[in-house]
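Numbering (this note's numbering), first residue to last: 603 to 1030.
Built from N, CA and C at the ideal position, the CB exists for glycine as well.
Bear in mind that the values here come from a model prediction, so they are computed numbers and not experimental data.
Below: one structure, written as structure tokens.
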Ligand code: SF4
């Protein structure tokens, strides 16, 4: 979501006549779009602003802007800690950025922190995006989250769920396809809840069908689905719509029912596994990935074993694992019995070791198969890079004329993160 917001911010800057600078020193504006999901990014932002302040001392007209989730969470506290900041706004009011920039250029502090998303936030869809990838595009379809998991700051930083209208989404996708985009990645904190907040409710599966009807949409992905909202209709749509990719990111966070309950995730290990096995049965060869938090307060060795058990049963193609990081103001931050860092480190290392073996095993299954790959980039003279429908990076030899094409390729070598292939034919 932050990445997509950054693309929108870059689009706004382009329309205002800004060009990317080659060095920090020559920049007229330095903008940081921030994340606050863990503690580390918070600290990084302050240290970056400290560096930029030194540049500003030599070039007083240069402006420093901070956007994103940290602004929404920390608000005025942030500008008190880092008074060199000239402009501040969050994901609630990116559409106000042009106004704030004008204000700062006129020599005023331009700090706009809102309690709630404003009524005119949909204006943001009128601004262009600047993307680096000409063939694959993110499209935000829902903002915010209503789930309130006890460790998460997102409901505070991005507000309650607000689905984007079907018309607005389809309009953007049609424009993207006209520009040559072939893969659409639908985005949201909880994308599978799309449409539930409309007066006349809609279901996420209807959105998938509507997107697939647009001529020129070759591939559809979506992130992030919540296990509670992933129902039979969505699984059926995924199985039936040819353009929906054979991959799904479905965060489990923990395999222990006691911890899942403390996290308020709304499902049990068994319910999660039931959905996973249904997905595997209906969509042959689906590649699953997940998020896992290690060392949630009070997590015992037994709880951790339950998580390892899920990993072994599901065999995820990729796991994004994190040590629990207490976020200010969240219920989990004040649960007694926080887990010492050395235990979290030991557990995450063990988890990654097991995952390494699983990934090597999965990689072995790719070798010798034929995959459909969307070529996204030419690197160097003749190395093409693209992704399989299962979201695996693949490299092969070929020329520029193949970029943007979907090819069928034979997998010659497979490592846990990469495939080396040989192009057999161009599909379309
Ligand atoms: S569903 Fe995701 S975004 Fe929403 S509160 Fe839970 S972890 Fe945060």
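- If the five residues before and after residue 779 are omitted, its C-beta is found closer than 7 Å to the C-beta atoms of 816, 818 and 819, all from its own chain and listed in chain order.
- If you look at residue 995, you'll find it isn't in any alpha helix (DSSP H); it sits in the beta strand (DSSP E) that goes 995-999.
- For residue 647, the number of other beta carbons within 10 angstroms of its own is at least 16, and it is reported as buried.
- In terms of Cβ geometry, residue 941 and residue 897 form a close pair [threshold 8 Å].
- Only exposed fits residue 678, as fewer than 16 other CB atoms lie within 10 angstroms of its CB.
- Ranked by Cα distance from residue 923, the first of 1002, 634, 1028 and 853 is 853.
- Look at residue 973: its beta carbon is at least 7 Å from all of the heavy atoms in ligand 1.
- Of the heavy atoms belonging to ligand 1, none sits nearer than 7 Å to the Cβ of residue 899.
- 680 is the residue among 1018, 827 and 680 whose C-alpha sits nearest the C-alpha of residue 670.
- Between the stretch 643-658 and the stretch 608-620 there are fewer than three C-beta pairs closer than 8 Å, too few to call the two in contact.
- DSSP lists 998 and 1013 as the beta-bridge partner residues of residue 1023.
- Linking residue 726 to residue 720 through their CA atoms gives a straight-line distance of about 11 Å.
- Bounds of the alpha helix (DSSP H) holding residue 951 are 943-968.
- At a threshold of 7 Å, residue 637 does not count as near ligand 1, since its beta carbon sits no closer than that to any of the ligand's heavy atoms.
- Rounded to the nearest angstrom, the gap between the Cα atoms of residue 926 and residue 972 is 39 Å.
- Here residue 968 is not near residue 881, since their CB atoms are 8 Å or more apart.
- In this structure, residue 1029 lies away from residue 1002, with their beta-carbon atoms at least 8 Å apart.
- Taking the Cα positions, residue 716 is about 28 Å away from residue 802.
- Residue 667 and residue 706 have their C-alpha atoms roughly 9 Å apart.
- Distances from the CB of residue 793 to the heavy atoms of ligand 1 are all 7 Å or more.
- If you draw a 10 Å sphere on the C-beta of residue 730, you find fewer than 16 other C-beta atoms in it, and that means exposed.
- Looking at 836, 633 and 978, the one whose alpha-carbon comes closest to that of residue 884 is 836.
- Taken from the Cβ of residue 743, every heavy atom of ligand 1 lies 7 Å or farther away.
- Contact between residue 665 and residue 631 is confirmed by a C-beta separation of about 5 Å, below the 8 Å threshold.
- Listed as beta-bridge partners of residue 824 by DSSP are 788.
- If you look at residue 671, you'll find it in the alpha helix (DSSP H) that goes 671-676.
- With a threshold of 16 other beta carbon atoms within 10 Å, residue 645 falls short and is exposed.
- With respect to the C-alpha of residue 746, the residue from 769, 718, 988 and 771 having the closest C-alpha is 718.
- Excluding five sequence positions before and after residue 935, the CB atoms of its chain that fall closer than 7 Å to its own CB belong to 928 and 929, given in chain order.
- For residue 919, no beta strand (DSSP E) segment is defined, and its DSSP state is neither H nor E.
- For residue 838, no beta strand (DSSP E) segment is defined; the enclosing uninterrupted segment is the alpha helix (DSSP H) at 834-842.
- The DSSP-derived three-state label of residue 620 is coil.
- Under the three-state reduction of DSSP, residue 909 is assigned to helix.
- Taken through DSSP and simplified to helix, strand or coil, residue 893 comes out as strand.
- Of the candidates 732, 708, 663 and 636, the residue whose Cα lies closest to the Cα of residue 690 is 636.
- The three-state secondary structure of residue 725, taken from DSSP, is helix.
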